[in-house]
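Engineer: Below: one structure in structure tokens.
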Amino acid sequence: MGGDCEPVNSKRGTLNNHSGFSPPSPFHSGKWLVRTCLYAVLFLWVSPAALAQQADQSGTAATIRALEHEWAEGQSRVDARALDLIFDNALVYLEYGSLVSKGEYLARIKRQNPQLDLITYEGTTVRIFGGTALVIGTYAEKRTRTGKTEAQRWRFIDTWAYKNGSWVLIAAGAAPITR
Amino acid sequence: MRLFYLILAFGIFGAGIAYAQVSNDFGMESKLMAMEQIEKVQAPRTKDFKALDAMLDEAFACVDPEGNLLNKAEVLAHLQTDSSIEFVPNSLAVRIQGNTAIVTGLYWKKVMQHGRPFVRRSRFVDTWLYKGGRWVAIASLSTPSEVH
């Protein structure tokens, strides 16, 4: 780069002229114009694609976050119909050390009293891998059973997949934070 | 008659595609089960970090049974100092959804605690992604199976 800006009577130019092996300066041959145009075209072609991809990623992340919120809302409202749309039929859910299916999870939601459980999300991160997305985060849970209130913090990973034009939850699990 | 042969041809073609899909899924399932064995049993035992490095995606996230969040480098570093003496996965199940696979199962891990062997039973959910012509693990979560 620095070489291109050297004056023509520089030492390097003189030596090259003397040896008879002097490549024409890109500034003089007009090649620089071609090169600049090529770079400009490349930049204009790549940057919208990169921006579009970035916008797409943030759009997907927002969609996934909204679905996570819908899931929490649906659970607190005991709205099995809303949850049915969010959950894939082959959902695997790992809760309290047991593996439950979509049907079992929805049946449990219908049985539980949502007023006895309080879940507070503490922070989540969304990672997108094309048609797969991971949500990693923590939440605090307060459960009241037989008059006793238990508090526990959990770390979770949810896996979402883009299927038939929408994102669905295909796997979820949480581990108790013990330290 | 011509229509019959046409329908028959389409039927055979369709069945062939369906069979290929099923056998392909079955092959993928077997491959993922084998990879789980390598990831959870063989590589930690033989300290084959090169195999693990190839199997874990750079953005790999792991939640261990204590609820700690570890990245790929932390997982590899942890395995270098892991004192477990036995690691037995069980009840493995693979569900493939497009280029994503969910593997669930149980494992028993025998560790030494205060000089005495202690068995820890955990259940896990692993997420694999078919990327660049191979399966890589992008997430793994384990939780104690005794928690109720």
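First to last, the protein sequences are chains A and B.
Here the first sequence stands for residues 5 to 183, where the numbers follow my numbering.
Here the second sequence stands for residues 134 to 281, where the numbers follow my numbering.
By construction, the Cβ of each residue, glycine as well, lies at the ideal position given by its N, Cα and C atoms.
1. Measure the CB-CB distance between A194 of chain B and I161 of chain A and report whether it falls below 9 Å.
2. Please state whether DSSP places S26 of chain A in a helix, a strand or coil.
3. Rounded to whole angstroms, how far is the Cβ of P250 of chain B from the Cβ of G238 of chain B, which I believe are closer than 8 Å?
4. Under DSSP, the alpha helix (DSSP H) around K180 of chain B begins and ends at which residues?
5. Spatial neighbours of V208 of chain B within its chain, please: CB distance less than 6 Å, with the 5 preceding and 5 following residues excluded, ordered by chain position.
6. Look at T124 of chain A and T233 of chain B and say whether their C-beta atoms are less than 9 Å apart.
7. Kindly list, in the order they appear in chain B, the residues whose Cβ is closer than 9 Å to that of V104 of chain A.
8. Taking the alpha-carbon positions, what's the V172 of chain A to R178 of chain B distance?
9. Does P27 of chain A pass the burial test, meaning 16 or more other C-beta atoms within 10 Å, or should it be called exposed?
10. What residues in the region 129-147 of chain A bring their beta carbon closer than 9 Å to a beta carbon of chain B?
11. Under 9 Å, do G177 of chain A and Y109 of chain A count as touching if we go by C-beta distance?
12. Any C-beta of chain A sitting closer than 9 Å to the C-beta of E199 of chain B?
13. From which residue to which residue does the alpha helix (DSSP H) around F172 of chain B run?
14. Measuring only the C-alpha atoms, how far is P30 of chain A from V45 of chain A?
15. By the criterion of Cβ-Cβ separation under 9 Å, what are the contact partners of V258 of chain B in chain A?
16. Examine chain B for any beta-carbon lying closer than 9 Å to the beta-carbon of W158 of chain A, and answer yes or no.
17. On the criterion of 16 or more Cβ atoms from any shown chain inside 10 Å, does G78 of chain A qualify as buried, or is it exposed?
18. Within the 9 Å Cβ cut-off, does K152 of chain A reach chain B?
19. What did DSSP end up calling V82 of chain A once you bin it into helix, strand or coil?
20. So, S273 of chain B versus D259 of chain B, is the Cβ gap smaller than 9 Å?
Structural biologist: Quick look at the numbers:
1. A194 of chain B places its beta carbon less than 9 Å from that of I161 of chain A.
2. Residue placement at S26 of chain A cannot be trusted, given a pLDDT of 48 that sits under 50; what the coordinates show is reported in the next sentence. Residue state, collapsed to three classes: coil.
3. Actually they are not in contact, since the Cβ atoms of P250 of chain B and G238 of chain B sit about 22 Å apart, beyond 8 Å.
4. Where K180 of chain B is concerned, there is no enclosing alpha helix (DSSP H), given that its DSSP letter is neither H nor E.
5. Apart from the 5 residues on each side of it in sequence, V208 of chain B sits with its Cβ closer than 6 Å to the Cβ of C195 in its chain, given in chain order.
6. Contact annotation: T124 of chain A and T233 of chain B have beta-carbon atoms that are not nearer than 9 Å.
7. Result: empty, since nearest Cβ-Cβ is about 11 Å, beyond 9 Å.
8. Between the C-alpha atoms of V172 of chain A and R178 of chain B there is a straight-line separation of about 37 Å.
9. Residue confidence is low: P27 of chain A scores 49 on pLDDT, short of 50, so the model does not pin down where it sits. No coordinate-derived value is stated.
10. For the region 129-147 of chain A, the residues whose beta carbon sits under 9 Å from a beta carbon of chain B are, in order, T129, R131, F133, G134, G135, T136, L138, I140, T142.
11. Cβ atoms of G177 of chain A and Y109 of chain A: not closer than 9 Å.
12. Chain A, which has a Cβ nearer than 9 Å to the Cβ of E199 of chain B, makes this yes.
13. In the sequence as displayed, the identity of residue 172 of chain B is Glu instead of Phe. Run containing E172 of chain B: none; DSSP gives neither H nor E here.
14. Per-residue confidence for P30 of chain A stands at a pLDDT of 49, beneath the threshold of 50, marking its modelled position as unreliable; the derived number appears in the next sentence. Distance between the alpha carbons of P30 of chain A and V45 of chain A: 19 Å.
15. Contact annotation for V258 of chain B against chain A: V96, Y97, L98, L103, I161, T163, A175, A176, G177 [CB-CB distance below 9 Å, chain order].
16. With respect to chain B, the C-beta atom of W158 of chain A has a partner C-beta closer than 9 Å.
17. G78 of chain A is buried by the Cβ-count criterion.
18. By this cut-off, K152 of chain A is not an interface position.
19. Coil, per DSSP.
20. A contact, by the Cβ cut-off of 9 Å.
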